[in-house]
Amino acid sequence: MSDKSSVHFQELTDNEKTSKLSILVKTGGELVIWKKGAKERIKLKAYELKDKKLYCVKSSHNVDLKEVLYSFELNGLSFFGTADLGLIDNSNLVINCAGKLFKSERRSSFRLLTFPHHRVFLKFAFEQEDVPESNVIGMKSGMSETGLFKKFLSLVEDEDKSGANLGSSFRVLDLSVTGASFRVGSIEAKVFGQKVKFENLTLIFNRKEVSIPGAEVVYNVEMISDSKAGQLFKVGVRFLEIDTNLDQELGALINSVLRDFETEFEDFVE
């Protein structure tokens with residue numbers, strides 16, 4: 040499988056496979072089978088596991104497949120395998136699961152390039168006192184850079200009539216479940232010093248808002264730019280206090296714009 044794939048497939052041992060298939064049967068036995076390359080997915084329900092074979096109730100679909108791919112979910116994890124399919128009678132069929140079984144997960148290090156194809160923003164709830172003091176005076180404005188940034192904050196806050204979520208939004212360049220990067224100007228860059236921490240951020244992903252408890256700046260580097268507006272900097276932050284539910288929510292957002300697991304698995308078994 041290509042290293043560029045966002046999905047990692049981990050092969051289970053023989054004992055692990057038997058254990059997962061056994062749990063599948065005990066917890067309802069719902070699984071999906073399909074022929075590689077086909078769009079149709081057929082849902083089945085397994086009622087018994089014997090000698091690495093799943094005995095299933097035949098669905099209303101006319102199943103005439105022999106070699107199939109199959110998948111099921113347990114505790115939020117997806118499992119995939121290849122199998123041979125056999126028909127027992129008009130109501131039952133058997134799936135021979137002697138082949139390999141894989142657990143799939145998105146690579147934790149995978150970063151989705153959000154700019155320019157997706158409208159993703161990271162909003163910080165800045166307070167005026169968060170802005171570091173600066174003695175640098177702008178030649179054109181006659182105002183210190185600190186004053187300029189505070190004026191910038193006040194303008195942003197004036198635009199937010201609700202007053203509930205005052206702060207500044209920055210266009211996200213790339214995003215993962217563990218952090219994000221975004222572009223800022225030279226004035227804003229002074230706020231994002233390395234290891235500086237922020238609380239109560241909002242991630243806006245294609246109009247959906249997700250609350251992020253905190254973030255820490257891990258880098259702040261100057262970008263090469265042809266912009267006439269001046270220097271540009273790329274800031275990278277690491278999300279803090281991400282619990283399991285938030286991790287899954289962020290993963291679901293990223294996965295929603297990526298290829299699905301089933302398509303990834305088809306490529307994996309080529």
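So for the sequence shown, the working numbering puts the first residue at 40; every next one is plus one.
Don't be surprised by glycine CBs; every beta carbon is placed ideally from N, CA and C.
- Burial state of K236, where buried means 16 or more other Cβ atoms lie within 10 Å: Classification for K236: exposed.
- Message: Assuming contact is defined by CB atoms lying nearer than 8 Å, are L214 and I263 in contact in what I supplied?
- Response: A distance of 8 Å or more separates the beta carbons of L214 and I263.
- Message: Using C-beta distances below 7 Å, list every residue in its chain close to F152, excluding the 5 sequence neighbours before and after it, in chain order.
- Response: The sequence given here has Leu at residue 152, not Phe. Correct list, in chain order: D213.
- Task: Out of F304, E248 and N114, point me to the one whose CA is closest to T283's CA.
- Result: Among F304, E248 and N114, the Cα nearest to that of T283 is on N114.
- Item | Pair within 8 Å by beta-carbon distance, L88 and L60 | Yes, they are a contact pair.
- Message: With H, G and I counted as helix, E and B as strand and the rest as coil, what does DSSP make of V64?
- Response: Residue state, collapsed to three classes: helix.
- Query: Are V107 and L124 close, meaning C-beta to C-beta below 8 Å?
  - Reply: With respect to the 8 Å criterion, V107 and L124 are classified as neighbours on the basis of their beta carbons.
- Using the rule of at least 16 other Cβ atoms within 10 Å of the residue's Cβ for burial, across every protein chain shown, is A254 buried or exposed? When all chains shown are included, A254 counts as buried.
- Which of helix, strand or coil does DSSP assign to L88? If DSSP states are grouped into helix, strand and coil, L88 belongs with the strands.
- Should I251 and F209 be called a contact, given that it needs their Cβ atoms to be closer than 8 Å? No. Outside cutoff.
- Does the Cβ of S207 have 16 or more other Cβ atoms within 10 Å, making it buried, or fewer, making it exposed? So S207 counts as buried.
- Query: Within 10 angstroms of its Cβ, does S110 collect 16 or more other Cβ (buried), or is it exposed?
  - Reply: Looking at its Cβ environment, which holds 16 or more other Cβ atoms inside 10 Å, S110 is buried.
- Task: Answer with buried or exposed for L116, where buried requires no fewer than 16 other C-beta atoms within 10 angstroms of its C-beta.
- Result: Result: exposed.
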